[in-house]
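Residue numbers (the working numbering), protein chains in the order written: chain W, 311 to 882; chain Y, 4 to 292.
Take a look at the structure set out below.
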Ligand SMILES: Cc1ncc(C[n+]2csc(CCOP(=O)(O)OP(=O)(O)O)c2C)c(N)n1
Ligand code: SF4
Ligand SMILES: [Mg+2]
């Protein structure tokens, strides 16, 4: 597939987001498929942050390592990209002359662009970002007049002059790069009219909107990357959708308040990351014991401890699986994609209510900060189901039932009262140490896991009926593996991807029986999910392809690693 | 005297596990009375408690109840109030619960100012865990933590609350039943975060702060202008005697009345339906670009 991979790098606070915002909208208007992904440092000013754009003629949702164009808007970008391994023999770099210097010798074509002078004419440094977007747009086959509408949209509510001046800046950049076309040969990308009907949405917005679609109406949080964005979305839209949002004093109060809200009938979510979740463990166990639903958006970043706050990892599967003392059922979902984020996020609330258990949505910085075009039809959620009854005067919050699920009632909704308890209890919810209840209540809670398991989502399977090598993965690595396999095009390889990682659907274990070799791909150092799978599949895992440097998998890396395995196993 | 409406009839609600003579019995009776006299119903009242002897309260009352975690009754009660502001939420805990494990919630609860009532059974000792030092144990008291006697100055929760401009601050001694009831009633009726520190003798582990000791060392506040924070603070700093009564009242912005989620929507959260059309429109408006 033809594609152009463009990286823009600069310091934090320089307005990379502004360039990204303009480009995404402009390129979409020009009917190109776009994919965009960010990586950034944990600082507010300085450092190097980068955005990678991919422009293609059809859907394309995986991160590519080698970039065709690097646009530097500050010093140090080329050195950074070289260390990150993003520069190939074909990479061309653009930017002000001084930003094209590097400390280390880097072999690549450099094309200086003088935008500073141009911008001085307009009298405001901020127009530089618009001009940069103009230069990049000029390299592609685009209709520059479409920028007017984009700028009107971005600066809606601002003066006509601001739109006009930005347009001038964009045109200046655009005109400069038209003159460069002889020096820069890029792949030809076909435009596609259907792009106009597509949506451009980030993983974060999809998770947030999916939750609201699923009836979520209470969010508590304490700021922590990369989980805060979901809270920001809720805050921005609290009035419109009638959402209660509060930043609490710490993560302990965050989850305890969410549990209190759920006790009162809210559909509550907490959004947090590793360290923040660590503080929530005791209350997770309370949710398990008191059988009060709560959804935990656990946005993963590398640990341990503060780790790399703004980077990506899949190292908290074990944390979600084993957190909390005592034994109680839970559900762990890990969206494969932006579309899947919407669906699973909405579904999480039904699952939490239906089984009265904690439900995790495990995302990561990569998924949350990535955008691509998607079909409106693929953004489907699960509508909220009503799982509560009216309490009568003899209501038993923990009524013993065959499947362990007791009808949930909400305080104040009827004449009966509701008693929840984190201590072991009888059916009414009153504390007791009676041997019968001490035993039967453990069984009742545990019993719920069987129903949960019975409706666990099947993983996605891609492959022929007969295959030799089975690759497994979970969460946000779906597209990069799928795309790699399409390129490798080897019918001996099949792929199974889990979006519900606990409990897993038992029928999916059949896939492993049929495989001669098993290959795992995860973004952590121990292959946590693979270790978990081993206890179910009773087979060795022949190789784990693991990445744990805080950067998302690149398409090239996956292709190379799979090819190496195939070469070693079957000969070249 | 009512104590019928809130008298529970559940199998495990009758055998109360407090020690005979414990001050908690009287607090329970006073609370049930206060609720009934104020005209509340069990179904629109919720008792949210932490862990400790005080934390057992929900089991001995006929009302909605949540016996949660040590130290966490305030956040749990806050979430409940935010989910359904129509509920009368009473948060109950011990001195260890509220002033040690949950101190951050006490401070921020005061700051957030949701309309809840916080009752702290202050027996100046850890009861349930058998007699350790609490944040309010007096210097010189011999505890299992400090067999030679506590030598660190205790926390003064009343002064602390006043210093934070808490919406309603009172201290009572449960030996004064009628006064305690009046104060609890006023605390419940007060709109905002109402805090009542209740001296509650622990007859098993606290041999210093007995009924007689409290009688001798407390003095009922007389003729105080409860809007004067400086006078209230001054009085609160007094430890010989300890003043009991309402120290301070102020009406402040109530959290749940001012959040976005309750501006255009008034229903408790569980009654809100998802408007799929609104979401669809939102998607059209924001993501087509
Ligand atoms: C997280 C946690 N730490 C410790 C405990 C053990 N614990 C239970 S009650 C309590 C203290 C009780 O003292 P207080 O809060 O004053 O209540 P009282 O029993 O005196 O009414 C402690 C430390 C616990 N349940 N949870
Ligand atoms: S230990 Fe103290 S506080 Fe606990 S029940 Fe006995 S007397 Fe009451
Ligand atoms: Mg105590």
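Built from N, CA and C at the ideal position, the CB exists for glycine as well.
Quick one: measure Cβ to Cβ for residue i and residue j, integer angstroms, because I've assumed they're closer than 8 Å.
| i | j | result |
| --- | --- | --- |
| residue 766 of chain W | residue 810 of chain W | 5 Å |
| residue 133 of chain Y | residue 29 of chain Y | Their Cβ separation, rounded to whole angstroms, is 22 Å, which puts residue 133 of chain Y and residue 29 of chain Y out of contact at 8 Å. |
| residue 869 of chain W | residue 797 of chain W | 6 Å |
| residue 804 of chain W | residue 847 of chain W | Actually they are not in contact, since the Cβ atoms of residue 804 of chain W and residue 847 of chain W sit about 14 Å apart, beyond 8 Å. |
| residue 208 of chain Y | residue 164 of chain Y | Rounded, the Cβ-Cβ distance is 25 Å, inconsistent with contact. |
| residue 520 of chain W | residue 691 of chain W | 5 Å |
| residue 383 of chain W | residue 433 of chain W | Not quite, the Cβ-Cβ distance comes to about 19 Å (not below 8 Å), so this is no contact. |
| residue 338 of chain W | residue 511 of chain W | About 12 Å; that fails the 8 Å criterion. |
| residue 542 of chain W | residue 611 of chain W | That pair is no contact at about 17 Å. |
| residue 539 of chain W | residue 689 of chain W | Not a contact, Cβ separation roughly 18 Å. |
| residue 674 of chain W | residue 624 of chain W | 6 Å |
| residue 865 of chain W | residue 794 of chain W | 6 Å |
Taking only beta-carbon positions, decide if residue i is within less than 9 Å of chain B.
| i | result |
| --- | --- |
| residue 739 of chain W | Among the chains of the structure shown, chain B does not appear; the protein chains present are W and Y. |
Output the residue ranges of the alpha helix (DSSP H) runs that lie fully inside the region 67-147 of chain Y and measure 4 residues or longer, sorted by chain position.
Counting only runs of 4+ residues, the alpha helix (DSSP H) found wholly inside the region 67-147 of chain Y occupies 76-86 and 106-115, in chain order.
Does the pairing of the region 382-396 of chain W with the region 871-879 of chain W give three or more beta-carbon distances under 8 Å?
The way I'd put it, the region 382-396 of chain W doesn't touch the region 871-879 of chain W; fewer than three beta-carbon pairs between them come closer than 8 Å.
Evaluate the contact criterion for the region 440-453 of chain W versus the region 503-514 of chain W: three or more CB pairs, one atom per stretch, below 8 Å.
These segments do not touch.
Taking a cut of 9 Å between CB atoms, which residues from the region 14-39 of chain Y lie near chain W?
Those would be 14, 15, 16 and 20, in chain order.
Of all the residues that make up the region 585-599 of chain W, which are near chain Y by a beta-carbon distance shorter than 7 Å?
Taking 7 Å as the Cβ-Cβ cut-off against chain Y, the residues of the region 585-599 of chain W that qualify are 592, 593 and 596.
Under 6 Å, CB to any heavy atom of ligand 2. Which residues pass, going along the chain?
Counting only heavy atoms of ligand 2, the residues whose C-beta sits closer than 6 Å to one of them are, along the chain, Y:21, Y:22, Y:25, Y:27, Y:56, Y:126, Y:130, Y:205, Y:206, Y:207 and Y:208.
The region 690-704 of chain W contacting the region 716-727 of chain W, beta-carbon criterion three pairs below 8 Å:
In this structure the region 690-704 of chain W touches the region 716-727 of chain W; the number of beta carbon pairs closer than 8 Å is three or more.
Which runs of the alpha helix (DSSP H), 4 residues or longer, sit entirely within the region 404-475 of chain W?
The alpha helix (DSSP H) runs lying completely inside the region 404-475 of chain W and spanning 4 residues or more are 426-432, 437-449 and 457-464, given in chain order.
Quick one, which residues of the region 562-576 of chain W are near chain Y if we go by CB-CB under 9 Å, in chain order?
Flagged, chain order: 562, 563, 564, 565, 566, 567, 568, 569, 570, 571, 572, 573, 574, 575 and 576.
Quick check: the region 601-616 of chain W against the region 659-671 of chain W, are there 3 or more CB pairs under 8 Å?
They touch, by the three-pair rule.
Could you please tell me which residues of the region 516-528 of chain W, in chain order, have their CB closer than 7 Å to any CB of chain Y?
The residues in question are 519, 522, 523, 525, 527 and 528.
What residues in the region 82-101 of chain Y bring their beta carbon closer than 7 Å to a beta carbon of chain W?
Under the 7 Å Cβ criterion, the region 82-101 of chain Y contributes 82, 83, 85, 86, 87, 89 and 90.
Counting pairs of beta carbons, one from the region 85-105 of chain Y and one from the region 51-65 of chain Y, are three or more of them closer than 8 Å?
They touch, by the three-pair rule.
Listed from N- to C-terminal order along the chain, which residues in the region 49-68 of chain Y have their beta-carbon within a distance smaller than 8 Å of any beta-carbon of chain W?
Per Cβ criterion, the list reads 49, 51, 54, 59, 61, 62, 65, 66, 67 and 68.
Are the region 75-84 of chain Y and the region 554-565 of chain W touching, with three or more C-beta to C-beta distances below 8 Å?
In the pairwise beta carbon analysis, the region 75-84 of chain Y is classified as touching the region 554-565 of chain W: at least three pairs are separated by under 8 Å.
Positions along the region 347-376 of chain W whose CB lies within less than 8 Å of some CB in chain Y
From the region 347-376 of chain W, no residue has a Cβ closer than 8 Å to chain Y.
Identify each residue in the region 257-268 of chain Y for which the Cβ-Cβ distance to at least one residue of chain W is less than 9 Å, and report them in chain order.
Within the region 257-268 of chain Y, the qualifying residues are 258, 259, 262, 263, 264, 265, 266, 267 and 268.
State whether the region 408-426 of chain W contacts the region 340-354 of chain W, with contact taken as three or more CB pairs (one from each stretch) at a distance under 8 Å.
No, because fewer than three Cβ pairs between the region 408-426 of chain W and the region 340-354 of chain W fall closer than 8 Å, the two stretches do not touch.
What are the start and end residues of each continuous alpha helix (DSSP H) run of 4 or more residues lying completely inside the region 206-274 of chain Y, in chain order?
Secondary structure within the region 206-274 of chain Y: the alpha helix (DSSP H) runs of 4 or more consecutive residues, fully enclosed, are 214-220 and 232-240 (chain order).
Okay, do the region 181-198 of chain Y and the region 25-45 of chain Y touch, 3+ Cβ pairs below 8 Å being the bar?
Touching, yes.
Going residue by residue through the region 785-846 of chain W, where are the continuous beta strand (DSSP E) segments of at least 3 residues, counting only ones entirely within it?
DSSP runs (the beta strand (DSSP E)) wholly in the region 785-846 of chain W: 803-808, 810-812 and 827-832.
Contact set between the region 103-116 of chain Y and chain W, restricted to residues whose Cβ is under 7 Å from the partner:
If the cut-off is 7 Å between Cβ atoms, the region 103-116 of chain Y has 107, 108 and 111 near chain W.
At a cut of 8 Å, does the region 518-535 of chain W reach the region 570-584 of chain W through at least three beta carbon pairs?
Using a C-beta cut-off of 8 Å, the region 518-535 of chain W makes contact with the region 570-584 of chain W, since at least three inter-stretch Cβ pairs fall below that distance.
May I ask you to list, following chain order, the residues of the region 173-206 of chain Y that have a beta carbon less than 7 Å from some beta carbon of chain W?
Of all residues in the region 173-206 of chain Y, none has a C-beta nearer than 7 Å to a C-beta of chain W.
Validate contact between the region 823-838 of chain W and the region 590-601 of chain W using beta carbons, cut 8 Å, 3 pairs
Put simply, the region 823-838 of chain W does not touch the region 590-601 of chain W. Fewer than three CB pairs are less than 8 Å apart.
Counting pairs of beta carbons, one from the region 434-442 of chain W and one from the region 320-337 of chain W, are three or more of them closer than 8 Å?
Yes, the region 434-442 of chain W is in contact with the region 320-337 of chain W.
Taking contact to mean at least 3 C-beta pairs separated by less than 8 Å, is the region 582-590 of chain W in contact with the region 725-741 of chain W?
Cβ pair count under 8 Å is below three, so no.
Is there contact between the region 237-251 of chain Y and the region 214-222 of chain Y, where contact requires at least three CB pairs shorter than 8 Å?
Contact between the region 237-251 of chain Y and the region 214-222 of chain Y is present, because at least three Cβ pairs lie under 8 Å.
Complete beta strand (DSSP E) runs within the region 528-582 of chain W (minimum length 3 residues, chain order):
Within the region 528-582 of chain W, the runs of beta strand (DSSP E) at least 3 residues long that lie entirely inside it are, in chain order, 528-531, 554-557 and 578-582.
Would you mind listing the beta strand (DSSP E) stretches within the region 679-709 of chain W that are 3+ residues and don't spill past its ends, in chain order?
Runs found: 681-684.
With a cut-off of 8 Å, do at least 3 Cβ pairs link the region 510-520 of chain W to the region 641-654 of chain W?
Using a C-beta cut-off of 8 Å, the region 510-520 of chain W makes contact with the region 641-654 of chain W, since at least three inter-stretch Cβ pairs fall below that distance.
For a minimum of 3 consecutive residues, which ranges assigned as the beta strand (DSSP E) are wholly contained in the region 150-206 of chain Y?
Whole beta strand (DSSP E) segments, 3+ residues: 171-176 and 197-202.
If you measure beta-carbon to beta-carbon, which residues of the region 545-557 of chain W are closer than 9 Å to chain Y?
Within the region 545-557 of chain W, 545, 547, 548, 549, 550, 551, 552, 553, 554, 555 and 556 place their CB atoms closer than 9 Å to a CB of chain Y, listed in sequence order.
Between the region 112-121 of chain Y and the region 4-24 of chain Y, can you find at least three pairs of beta-carbon atoms closer than 8 Å?
Verdict: no, contact absent.
Whole beta strand (DSSP E) elements within the region 341-392 of chain W, 3-residue minimum
Those beta strand (DSSP E) runs which fall completely within the region 341-392 of chain W and span 3+ residues are 343-349, 356-366 and 377-382.
Which residues, taken in chain order from the region 458-485 of chain W, show a beta carbon closer than 7 Å to some beta carbon of chain Y?
The region 458-485 of chain W vs chain Y, Cβ under 7 Å: nothing.
Check whether the region 249-265 of chain Y touches the region 81-98 of chain Y, counting contact only when three or more Cβ pairs, one atom from each stretch, lie closer than 8 Å.
Yes, the region 249-265 of chain Y touches the region 81-98 of chain Y.
Using a Cβ cut-off of 9 Å, which residues of the region 717-731 of chain W contact any Cβ in chain Y, in chain order?
Of all residues in the region 717-731 of chain W, 720, 721, 722, 723, 724, 725, 726, 727, 728, 729, 730 and 731 have a Cβ within less than 9 Å of some Cβ in chain Y.
As an exercise, report each continuous beta strand (DSSP E) stretch of at least 3 residues that is fully enclosed by the region 611-654 of chain W, in chain order.
Unbroken beta strand (DSSP E) stretches of 3 residues or longer found wholly inside the region 611-654 of chain W: 641-643, given in chain order.
Could you say if the region 806-824 of chain W and the region 637-651 of chain W meet the contact criterion of at least three C-beta pairs nearer than 8 Å?
Touching, per the Cβ criterion.
Inter-stretch contact at 8 Å, needing at least 3 Cβ pairs: the region 58-69 of chain Y / the region 745-758 of chain W
Judged by Cβ distances under 8 Å, the region 58-69 of chain Y makes no contact with the region 745-758 of chain W, as fewer than three pairs qualify.
Contact list for the region 150-174 of chain Y against chain W, Cβ threshold 8 Å:
For the region 150-174 of chain Y, which is checked against every Cβ of chain W, not one residue is closer than 8 Å.
Please name the residues in the region 496-516 of chain W whose beta-carbon is closer than 9 Å to at least one beta-carbon of chain Y, in chain order.
So the list reads 506, 507, 508, 509, 510, 511 and 515, given in the order they occur along the chain.
Evaluate the contact criterion for the region 367-374 of chain W versus the region 788-797 of chain W: three or more CB pairs, one atom per stretch, below 8 Å.
Two segments are said to touch when three or more pairs of C-beta atoms, one from each, lie closer than 8 Å; by this definition the region 367-374 of chain W touches the region 788-797 of chain W.
What residues in the region 319-339 of chain W bring their beta carbon closer than 8 Å to a beta carbon of chain Y?
Close to chain Y, meaning a Cβ-Cβ distance shorter than 8 Å, are the following residues of the region 319-339 of chain W: 334, 335, 338 and 339.
Using a Cβ-Cβ cutoff of 7 Å, what residues of the region 735-766 of chain W are near chain Y? List them in chain order.
Answer in chain order: 736, 738, 740, 741 and 742.
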